[in-house]
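Numbering (our numbering), first residue to last: 154 to 513. Contents: one structure, followed by commentary.
Pasting the structure below:
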């Protein structure tokens, strides 16, 4: 198993290097002048020349690529934002936890509802439950995220205003509600700028995690309320796809000989479904969950924009409109590396479920 994991990790390295190069070239292909975006349309030629020289944008593209690859691979430095003159790594520490929290919440919702719905639909095939589940999944797949997000915000924030079902339409926390970082609550002494301090800041920006471990329950409940609508909007399409794949996969195995044999031996129906049928139906389900996880994080751009979440997606959108090359490159690479990591985890899960795969 260790050899299998090491082989998969080594195969991921050239993929990540390719992502770095392609992302750099695509960012440079975006039309527009980063100087005018940062300094304004009235910036003089002399000011732009000085700006490009300071940012290294006056160098040939291949030279810029070489400097960028050296910074990333040898120093782990993503550079500084052209627009905000701040280290991109600090922006990642602030923005990535927001997207992680939203993406993980949506994924949990999609898996916790989609898989049981697919199993129930397969077991109760051609029943009203099956029809209702498939109609619901078809509707879920067909609804665009931005439309669903706007409808959810309208219904729960305006139509249900002054009712117990009201939910906030935007933002991560209510104005005035602040989560104290866990290291300040526990009075930890951290060296400013150190790796430990950066890691602590990153974890503190996971509001639900931070407020949960420190017992700040008013912050935790407020964060949950703000997360419900964007998580539901983001999870709808993956949930529908997971439910359909689960149903299809379960139908394939429920008619297999070993399932009939298990029933003939007198095993309880619950044991037949969960221990015999579901385990053998898991491979396609894991595949689609992995693919949808990557889609969730990549597709957070629209959801974060609609619900005013200051995450990676929103930052990436702002960076593209502002031609902020270092931010575009860093945030795109982080999303892409996350996608590679998810596929790696899926491959490892395959090997645990079906040992024949690691032998092949």
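Positions of the beta carbon are idealized from the N, C-alpha and C atoms, including for glycine.
Endpoints, alpha helix (DSSP H) assigned at residue i
i	result
residue 327	Careful: residue 327 lies outside any alpha helix (DSSP H) and carries neither H nor E.
residue 175	155 to 182
Three-state secondary structure assigned by DSSP to residue i
i	result
residue 233	strand
residue 240	strand
residue 459	helix
residue 447	helix
residue 476	coil
residue 225	helix
residue 190	helix
residue 206	helix
residue 419	coil
residue 195	coil
residue 258	helix
residue 212	coil
residue 496	helix
residue 408	coil
residue 278	coil
residue 464	coil
residue 185	coil
residue 471	helix
residue 283	helix
Assigned exposure category for residue i - 16 Cβ within 10 Å defines buried
i	result
residue 269	exposed
residue 317	exposed
residue 363	buried
residue 231	buried
residue 254	buried
residue 325	buried
residue 309	buried
residue 457	buried
residue 244	buried
residue 312	exposed
residue 375	buried
residue 395	buried
residue 506	exposed
residue 332	buried
residue 423	exposed
residue 371	exposed
residue 503	buried
residue 281	exposed
residue 154	exposed
residue 265	exposed
residue 322	buried
residue 241	buried
residue 305	buried
residue 329	exposed
Residue i CB to nearest heavy atom of the ligand MN below 7 Å
i	result
residue 304	In the structure on display, the ligand MN does not appear, and there are no ligands present to speak of.
### Task
Evaluate contact between the stretch 353 to 369 and the stretch 260 to 270, counting only Cβ atoms and requiring at least three cross-stretch pairs below 8 Å.
Short answer: they don't touch.
### Query
Would the stretch 465 to 476 and the stretch 444 to 455 be scored as touching if the rule is three or more Cβ pairs under 8 Å?
Counting Cβ pairs under 8 Å, three or more are found: they touch.
### Task
Mind listing, in chain order, the continuous alpha helix (DSSP H) runs of no fewer than 4 residues lying wholly within the stretch 287 to 341?
298 to 307, 335 to 338, all fully within the stretch 287 to 341.
### Message
I'd like the ranges of any alpha helix (DSSP H) spanning at least 4 consecutive residues and lying wholly in the stretch 344 to 406.
### Response
Note on the stretch 344 to 406: whole alpha helix (DSSP H) runs with a minimum of 4 residues are 348 to 357, 360 to 367, in chain order.
### Message
Does the structure place the stretch 424 to 431 close enough to the stretch 476 to 483 that three or more beta carbon pairs sit under 8 Å?
### Response
No, the stretch 476 to 483 is not in contact with the stretch 424 to 431.
### Query
Can we say the stretch 485 to 500 touches the stretch 159 to 168, given the rule of at least three CB pairs closer than 8 Å?
Yes: at least three Cβ pairs fall under 8 Å.
### Query
Between the stretch 385 to 403 and the stretch 285 to 302, do three or more beta carbon pairs fall short of 8 Å?
By the C-beta criterion, the stretch 385 to 403 is judged to be in contact with the stretch 285 to 302, since at least 3 inter-stretch pairs fall below 8 Å.
### Query
Any contact of the stretch 331 to 350 with the stretch 278 to 293, i.e. 3+ C-beta pairs under 8 Å?
The way I'd put it, the stretch 331 to 350 doesn't touch the stretch 278 to 293; fewer than three beta-carbon pairs between them come closer than 8 Å.
### Message
Would the stretch 212 to 225 count as touching the stretch 410 to 427 if we require 3 or more Cβ pairs under 8 Å?
### Response
Result no; under three Cβ-Cβ pairs closer than 8 Å.
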